[in-house]
Every structure is written in structure tokens, then in C-alpha cells.
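Numbering (the numbering used here), first residue to last: 36 to 226. Notes for the one structure printed next.
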């Protein structure tokens, strides 16, 4: 998605250790116009997958997931990283490593909102190693749901998450695919 690539070039910052800072438009301050366009693009890419629900991870995946849900006309569920007192005692839970947090995090979903027979589309802000998305896939499988695809705003192709997910027979779409990042710049994958 050209608009997203241009925004990454303009406002994204490589801060070392494979981390791209997009806080000013994705995961701290959110650009709603950009997220709306991303949601439209995800809806085009996944319109024929018959998804009944979108699943994402708290918190950075929420904006693109809600936009995609709006354009697909389906609800969005986000996996929480802390269990609130309003959630039932019995939950769907898995552990997942977080590169930006530098530790393992819990991903928790109430079984009220993710159940057997659902056709789940996973939308997240980044696809890097694929381990967070694997955690979301595990949650869907524990619930008895079927994952019909994965959409990522930004993919870091050099971390091979796509290969990990495709080996699981998961269809993957990314709106911006980064081939490399360094102090010299951010370079996009062209296929």
C-alpha cells in the first residue's frame, strides 16, 4: 500500500535491533485516516474469505483490526495481555514472546467472544518472526475456530514470519513489506 509505505518513509524511525518505531501514526498516536485506508485494503484482500470475526493483540493491532472489521462488517476481538476482573475465571490463554517488550506476554481472550465454528481473520500491526500471530492462532484453535488468514500492516520480511505462517498453511497479506532497515534507510520488498 503506497500510502503506508510513504508514511513509513516519512515518519518511521529505525531504532536498532530490528525495531521500527511507528509511534506517531500506528501504535501510540494513531492516524485514523491512514487506518481507514488500511481497513479498506484489508477488506479488499479478505472479502472472499468468509471471516466471521477478526482477532488481534492488544494494543497496537486494535486500530487496523477495527478499521478492517468496519469495512468487512464483522466484530473484532482483541487478546488482552492482563486479565481484567470483568473477564470470567475460565479463559483462553497462551504465552507469546514480545520483541518490543523483551519478555514473554500472556494473550487472553474470553470464550464469550471467540468460539467454535468461528472463521477468524487475524489482523496485526507487525509481522516479524510470526510468534505473536502464532499465539493468536493457538487461541483461535483452542476456541475451536478456524483461522482463514492473516493480515499485517507492516511486515519485516527478513525475520521470516511469513514463511513460518505459510508452513502452517495460513494465507498471509501485508500492506507494506520491509526488506531491510538500517541507519541508511528503510527499503521495501518488491515482488
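All C-beta atoms in this analysis are idealised placements derived from N, C-alpha and C, irrespective of residue type, glycine included.
Secondary structure of residue i, DSSP reduced to three states
i, result
"residue 121", "coil"
"residue 101", "helix"
"residue 37", "helix"
"residue 43", "helix"
"residue 84", "coil"
Distance CB(residue i)-CB(residue j) smaller than 8 Å
i, j, result
"residue 131", "residue 149", "no"
"residue 112", "residue 101", "no"
"residue 208", "residue 186", "yes"
"residue 43", "residue 168", "no"
"residue 184", "residue 84", "yes"
"residue 90", "residue 175", "yes"
"residue 105", "residue 216", "no"
"residue 190", "residue 171", "no"
"residue 212", "residue 181", "no"
"residue 199", "residue 129", "no"
"residue 78", "residue 107", "yes"
"residue 53", "residue 194", "yes"
"residue 140", "residue 127", "no"
"residue 39", "residue 188", "yes"
"residue 76", "residue 36", "yes"
"residue 92", "residue 109", "no"
"residue 196", "residue 165", "yes"
Where the alpha helix (DSSP H) containing residue i begins and where it ends
i, result
"residue 129", "Where residue 129 is concerned, there is no enclosing alpha helix (DSSP H), although the beta strand (DSSP E) it sits in stretches over 127-133."
"residue 72", "67-81"
Element boundaries [beta strand (DSSP E), containing residue i]
i, result
"residue 221", "220-223"
"residue 214", "207-217"
"residue 61", "Per DSSP, residue 61 belongs to no beta strand (DSSP E) and is neither H nor E."
"residue 114", "111-114"
Count the C-beta pairs between the stretch 88-108 and the stretch 149-162 that are closer than 8 Å, then say yes if the count reaches three, no if not.
Touching, yes, given that three or more Cβ pairs across the two stretches are closer than 8 Å.
3 or more residues per run - each beta strand (DSSP E) lying fully within the stretch 141-195
Correct list: 154-162 and 181-191.
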